[in-house]
Amino acid sequence: MAENNVTTSHRPGELEAGVSMGEVSMHYIGLILKMYVNPALGLSGIFINLINTGIFYKMGLADGVTQNFLVLSICDGILAAAALVNSISYIMLNTVYSRGGPITEHLQAIFWASVISWPFSQIVSCITTTVIAVVRCCCVALPFRVKHILTTRRQLLAIAFFSLCVHAVLVYIFHPTYLLYIKDPVTNATLVAYHGAYYDILNIFTNIFLYITFIIVILCIMILILCLNRSSKFRNQFSFVSNGSEKKKEKIREVRVVQTVILVASIFIICNTPTIVLSIVRQVTPGFSVDGDLRDVYDFFIIFVETALLLNVDVNIFIYLGFNSRYRNIFWKTIGKSSP
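Heads up: the sequence shown begins at 1 in my numbering, then just goes up one per residue.
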């Protein structure tokens with residue numbers, strides 16, 4: 001993994017001389033994403049996940065699936081809020097308050113608070129998505145063995161246990177003594193920076209964690225798709241069963257839950273793929289870092305990764321509306337309309 005000395009809240013406001021047209025395009029696309037798209041996605045993500053949280057709470061927490069989606073919505077809402085605060089402080093630091101002053105130091109503190117809170121909420125979100133996928137995979141593949149073992153309470157304890165273990169490592173990495181205060185001789189402004197050695201530790205740890213969750217979720221998706229196809233063929237062979245029978249309704253509900261989990265997990269994989277790609281490219285490409293020769297390209301990919309993660313935060317509501325009838329009914333009642 002490429003090394004970098006420090007990580008700060010300020011990025012170069014202008015491109016260096018002699019850059020290619022491709023780098024110019026990436027620079028301006030990155031600015032549009034960071035200053036317009038990401039704040040909009042962050043703001044919408046807050047409202048969307050407030051809606052998700054309220055609806056899942058109304059649905060009740062007796063069901064493990066509903067409980068886990070509630071936890072996921074809370075974490076995604078916190079992640080969206082952290083991203084919004086990060087974008088606003090970034091914009092202000094690089095425009096209105098770019099020349100330093102007391103307000104600049106406060107903005108940098110806010111910026112770093114959002115940077116620190118981001119991985120905390122993201123990790124709980126990753127763990128929750130993994131637990132959702134694993135539990136549903138086990139229930140489909142081994143229904144009679146695990147339904148009484150993987151209870152709602154135990155699922156919540158699993159999320160809490162793994163989250164606390166990972167957060168303990170993050171607390172060590174984000175210890176305040178690792179922050180540096182650098183005075184810019186040109187602007188006379190004091191910049192808050194994070195020691196590069198510990199930032200590399202953070203990158204290594206989060207990458208390993210993400211690789212593990214990535215592999216687990218992909219395996220679960222494959223198993224769920226195979227089981228869903230097998231179940232579909234079985235239902236077609238016994239299509240004579242009455243449409244109104246309780247067994248038929250229960251089977252349809254089970255299929256809908258599996259479809260919801262597959263889609264949520266698939267969106268998780270798609271939106272986290274840029275993070276995986278960024279990690280791999282950074283390890284194999286010299287100069288692809290915050291202060292390397294390819295820093296402009298690196299900056300663009302960092303912003304693009306943020307955009308992809310925010311899309312993950314925002315789009316789950318459409319899956320819930322499409323595949324969860326209870327969620328859909330409560331949603332339409334909440335906004336004062338009958339379900340279409």
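Backbone N, C-alpha and C fix where the C-beta goes; we use that ideal spot for every residue, glycine too.
According to DSSP, simplified to helix, strand and coil, what is residue i?
i: CYS62; result: Note that residue 62 corresponds to Ala in the displayed sequence, not to Cys. It is coil, neither helix nor strand.
i: PHE288; result: coil
i: THR213; result: helix
i: LYS337; result: coil
i: LEU41; result: helix
i: THR273; result: helix
i: ASN207; result: helix
i: HIS167; result: helix
i: HIS106; result: helix
i: HIS27; result: helix
i: ASN94; result: coil
In or out: residue i buried (at least 16 other Cβ within 10 Å) or exposed?
i: THR343; result: Residue 343 lies beyond the stretch modelled for the chain, which goes from 1 to 340, so this question has no answer here.
i: HIS270; result: Looking at the sequence provided, one finds Ile at residue 270 rather than His. The residue in question, ILE270, is exposed, as its Cβ has fewer than 16 Cβ neighbours within 10 Å.
i: MET222; result: exposed
i: ILE55; result: buried
i: TYR211; result: exposed
i: ILE352; result: Lying before the first or after the last residue shown, residue 352 is absent from the chain, which here runs from 1 to 340.
i: LEU341; result: No answer is possible for residue 341: the residues shown for the chain start at 1 and end at 340.
i: SER89; result: buried
i: VAL277; result: exposed
i: PRO143; result: exposed
i: LEU164; result: exposed
i: THR177; result: Only weak support is given to the placement of THR177: the predicted model assigns it a pLDDT of 48, under 50, and the value that follows is read from those uncertain coordinates. Exposed, because fewer than 16 other Cβ atoms sit within 10 Å of the Cβ of THR177.
i: ALA133; result: buried
What does the alpha-carbon distance come out to for the pair residue i and residue j?
i: LEU263; j: ILE317; result: 11 angstroms
i: TYR298; j: LEU311; result: 20 angstroms
i: GLN259; j: VAL305; result: 26 angstroms
i: ASN52; j: ASP76; result: 10 angstroms
i: LEU321; j: SER266; result: 17 angstroms
i: SER87; j: MET35; result: 7 angstroms
i: ASP63; j: VAL71; result: 13 angstroms
Under 8 angstroms by Cβ, that's how I've got residue i and residue j pegged, so tell me the actual separation to the nearest angstrom.
i: THR130; j: ILE225; result: Contact doesn't hold; Cβ gap of about 17 angstroms is too wide.
i: SER25; j: ASP314; result: Their Cβ separation, rounded to whole angstroms, is 25 angstroms, which puts SER25 and ASP314 out of contact at 8 angstroms.
i: TRP118; j: ALA82; result: 5 angstroms
Judging by CA-CA distance, which residue of the options is the nearest neighbour of residue i?
i: ILE204; options: CYS220, SER279, PHE144 and SER163; result: SER279
i: ILE116; options: LEU202, LYS58 and GLN283; result: LEU202
Using a Cβ-based criterion (distance less than 6 angstroms to any ligand heavy atom), does residue i qualify as near the ligand COA?
i: LYS337; result: With respect to the ligand COA, the structure offers nothing, as it holds no ligand at all.
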